[in-house]
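In terms of the numbering used here, the numbers along the sequence shown are unbroken and rise by one, the last being 319.
Following: one structure in structure tokens, then a few remarks.
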Amino acid sequence: GPSGAGGKPIIVTLPLGYKAGFVGEGWASSKAWGRRSHVWLFVGGVEDRPQRKPFLEVFLTAGVRGGVVPIGGWEDHSMPVHDYRSLLQSAWFVPCPPGFHHVETFRVYETLEAGSIP
């Protein structure tokens with residue numbers, strides 16, 4: 202396989218799935234497209250993640266109904282999982298910028314589970 206510095210193998214991990222508690226019994230699978238209040242919506246930290254700003258700027262300047270809901274990291278439990286899921290279900294599209302270490306992120310799977318388009 203591929204190798205990095207000193208000939209050591211490069212290990213790539215993929216965060217498969219979604220945040221614990223994101224899917225549960227009795228949760229609505231998705232919201233009807235006509236009942237979604239946003240064309241796009243991003244829920245997450247922006248100020249502490251400078252690589253996200255130019256990515257989201259494209260959406261912010263597009264002139265369509267959407268926005269950014271800034272929250273702290275998941276470590277501080279700043280938003281209950283149920284509320285996060287409800288926000289994702291209110292949008293048709295959810296921007297999914299790459300993470301710090303991987304292109305793939307939990308947000309892609311959470312967006313799909315919420316019935317939105319990543």
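Even glycine gets a Cβ: it sits at the ideal position worked out from N, Cα and C.
Pull up the CB-CB distance for residue i and residue j, whole angstroms please, since I reckon it's below 8 Å.
i    : j    : result
V295 : S317 : 5 Å
I272 : G245 : 6 Å
V247 : L257 : 7 Å
Apply the 10 Å Cβ neighbour rule to residue i and answer buried if 16 or more other Cβ atoms are within range, or exposed otherwise.
i    : result
A233 : exposed
Using the three-state DSSP reduction, which class does residue i fall into: helix, strand or coil?
i    : result
G267 : strand
F223 : coil
V259 : helix
V240 : strand
Using CA coordinates, which residue listed in the options is at the minimum distance from residue i?
i    : options                   : result
V270 : G235, P255 and L289       : L289
P255 : P299, G235 and S238       : P299
S291 : R237, V224 and I211       : R237
R196 : E314, R250, Q252 and T306 : Absent from the structure is residue 196, since the part of the chain shown begins at 202 and ends at 319.
C297 : L242, G222 and A221       : L242
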